[in-house]
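Asks: In the numbering used here, the protein residues as written are 72 to 351. We put the beta carbon where it would ideally sit given N, CA and C, even for glycine. Just so it is clear, the structure is predicted and the values come from calculations on it, not from any experiment.
(1) Would you tell me roughly how many angstroms separate the C-alpha atoms of residue 93 and residue 112, rounded to the nearest one?
(2) Quick one, are the C-beta atoms of residue 125 and residue 110 less than 8 Å apart?
(3) Would you call the segment 259-270 and the segment 300-312 in contact, with 3 or more CB pairs under 8 Å?
(4) Report yes if the C-beta distance between residue 164 and residue 145 is below 8 Å; otherwise report no.
(5) Among all the DSSP beta bridges, which residues are the ones paired with residue 171?
(6) Residues in its own chain within less than 7 Å of residue 172 by CB, not counting five upstream and five downstream?
(7) Work out the CA separation of residue 279 and residue 255 for me, nearest whole Å.
(8) By the DSSP assignment, the alpha helix (DSSP H) with residue 317 in it spans what residues?
(9) Which same chain residues end up closer than 7 Å to residue 241 when comparing Cβ atoms and leaving out the 5 residues on each side of it in sequence?
(10) Taking the CB atoms as reference points, tell me whether residue 226 and residue 243 lie closer together than 8 Å.
(11) When you compare only the Cα positions, how much space is there between residue 84 and residue 122?
(12) Thinking C-alpha only, which one of 187, 239, 192 is nearest residue 212?
(13) Apply the 10 Å Cβ neighbour rule to residue 205 and answer buried if 16 or more other Cβ atoms are within range, or exposed otherwise.
(14) Sorted by chain position, which residues of the same chain lie with C-beta nearer than 7 Å to residue 333's C-beta, five sequence neighbours on each side aside?
(15) Kindly indicate which residue of 86, 298, 286 has the alpha-carbon position closest to the one of residue 345.
(16) Which class does residue 75 belong to by DSSP, given the choice of helix, strand or coil?
(17) Please work out which residues of its chain come closer than 8 Å, Cβ to Cβ, to residue 90, disregarding the five sequence neighbours upstream and downstream, and give them in chain order.
(18) Going by the CB atoms, is the gap between residue 320 and residue 331 shorter than 8 Å?
(19) Is the beta carbon of residue 253 sitting closer than 8 Å to the one on residue 262?
(20) Could I get the ranges of all uninterrupted alpha helix (DSSP H) runs contained in the segment 219-245, with 4 residues as the minimum, in chain order?
(21) Give the straight-line distance between the Cα atoms of residue 75 and residue 338, rounded to the nearest whole angstrom.
(22) Let's see if you can read the secondary structure: which residues bound the alpha helix (DSSP H) around residue 255?
(23) Check whether the Cβ atoms of residue 297 and residue 335 sit closer than 8 Å, and answer yes or no.
(24) So, with DSSP's three-state summary, where would you put residue 191?
(25) On the criterion of 16 or more Cβ atoms from any shown chain inside 10 Å, does residue 107 qualify as buried, or is it exposed?
(26) Given a threshold of 16 other Cβ atoms within 10 Å of its Cβ, counted over all protein chains shown, does residue 324 qualify as buried or as exposed?
(27) Taking buried to mean at least 16 other C-beta atoms within 10 Å of its own C-beta, is residue 81 buried or exposed?
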């Protein structure tokens, strides 16, 4: 097998030392091959044992493939240098090397250090999806029951907005949906508090709602809608211009376009845009 020709960027990813490296590349561009080569380089050149490296993936199949590729690469190097005791030792060490999924690694860390964590039993286990859903439902039922009993005013307002008197399921589903969504963020609580603060607009609304993030979003959507509407009317206007007997309709369409243009030009100010639209 001929020697692999690495690109300059791939060489940087393989041989760079003493710094953090982020490699972003499309599927099929050779990321795994580069990572395997970096591992082999660490083993041979830097004399780092394979069980001292942490290699994490997102799926078990990817972890298994990575382990197999590393083993094949070691065997290939051994064919070139059969007497290399370092490479021979790596084959043995590979069995206990941390080449695994991220969640498997985290699970192993907690198992090995449970005594340093509060309220973690040594025989803990990972709940399956069904168990997790049942636990979530149980917790949210208890929370709602507690809020009902204490007659929490904020909770009552929330119930009145998002549910009917007969069924609070929509609000429970919404809470669970938000909880599930924010778990994709590395700091969910911080992220949620920041988003809640974005709704604290009382002072800014008094000045001009269009200067708030929500006003900007709404006005931008209105602008896009107006652009589309004007484009449609302009096509109709052009077709009517070829028919003199339809002059009256042509003028009506022209008037509509001018009024929409007037609204579009006023979108920098919420109140002004509202008044113009209302007048039309």
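Replies: This is what the structure gives:
(1) 18 Å
(2) no
(3) no
(4) no
(5) 127
(6) 127, 128, 129, 130, 131, 134
(7) 34 Å
(8) No alpha helix (DSSP H) holds residue 317; DSSP gives it neither H nor E.
(9) 233, 234
(10) no
(11) 21 Å
(12) 239
(13) exposed
(14) 347
(15) 286
(16) coil
(17) none
(18) no
(19) yes
(20) 224-233
(21) 58 Å
(22) Element bounds for residue 255: n/a, residue is neither H nor E.
(23) yes
(24) coil
(25) buried
(26) buried
(27) buried
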